[in-house]
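Since the structure comes first, as structure tokens, the remarks are kept for the end.
Residue numbers (the numbering used here): 1 to 161.
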């Protein structure tokens, strides 16, 4: 039986990721910024979004990426690196993203520990069952050994008489 991962990507999430990254490229923003945006939308980490994009999605969107880059050039938009103090909105977005990330990490941590606890309970039940089966088997072996000892004594007594 093949279990579906709880954190598996859906087609809709893949589409959101692709559309967002392509839009960011078209607008002259970085893919890292796109990953942060998508992470917030999907309650995932930006690293997970970046990995999904680079490992799976990007290959299917090469034409769209190229087209977005050409549109960016035609519009005359260039990426600008600004060392100035971030705006209040940017600060709030960063804090909101951090909070969202921490909340997801907390949910994941609790979920992992619950699964671990559930798995431990299953393991304990299985071990108790196995222990009872082994006790029963051991009792049968002891009874068989005792019976063999009695037979041996009977045979040796019969032979000596």
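Backbone N, C-alpha and C define an ideal beta-carbon position, used for all residues, glycine too.
Note that the structure is a prediction, hence the values are computed from the model and not measured.
If you count every other CB in all the chains shown that lies within 10 Å of the CB of residue i, and 16 or more means buried, which is it?
i	result
residue 36	buried
residue 20	buried
residue 81	Bear in mind that the predicted position of residue 81 carries a pLDDT of just 46, short of 50, making it too unreliable to give a figure here.
What residue from the options has the CA that sits closest to residue i's CA?
i	options	result
residue 11	39, 33, 57	57
residue 41	151, 136, 125, 99	99
residue 106	44, 28, 34	44
residue 74	117, 47, 95, 28	28
residue 101	161, 48, 155, 15	48
residue 50	138, 34, 153, 127	34
What number of angstroms, rounded off, separates the C-alpha of residue i from the C-alpha of residue j?
i	j	result
residue 24	residue 13	16 Å
residue 143	residue 119	36 Å
residue 8	residue 30	25 Å
residue 176	residue 97	A question about residue 176 goes unanswered here, because the residues of the chain that appear run from 1 up to 161.
residue 133	residue 149	24 Å
residue 77	residue 61	Residue confidence for residue 77 is low, a pLDDT of 44 falling below 50, so the modelled location carries little weight; the figure read from the coordinates is stated next. When rounded, the distance between both Cα atoms is 21 Å.
residue 154	residue 145	14 Å
residue 124	residue 116	12 Å
residue 135	residue 151	24 Å
residue 128	residue 63	59 Å
residue 72	residue 122	56 Å
residue 137	residue 156	28 Å
residue 66	residue 126	56 Å
Kindly list the residues whose CB is nearer than 6 Å to the CB of residue i, restricted to its own chain and excluding five residues on each side of it in sequence; keep chain order.
i	result
residue 68	22, 25, 26
Cutting at 7 Å between CB atoms, please list the residues of its own chain near residue i, excluding the five before and the five after it.
i	result
residue 52	9, 17
residue 130	none
residue 103	none
Please check the pair residue i and residue j, which I expect to be a contact at CB under 8 Å, by giving their CB distance rounded to whole angstroms.
i	j	result
residue 46	residue 55	The pair is not a contact, with the Cβ atoms about 15 Å apart (cut-off 8 Å).
Just to confirm my understanding: we take residue i, look at its own chain, exclude 5 residues before and 5 after, and list those with CB closer than 8 Å. What are they?
i	result
residue 59	none
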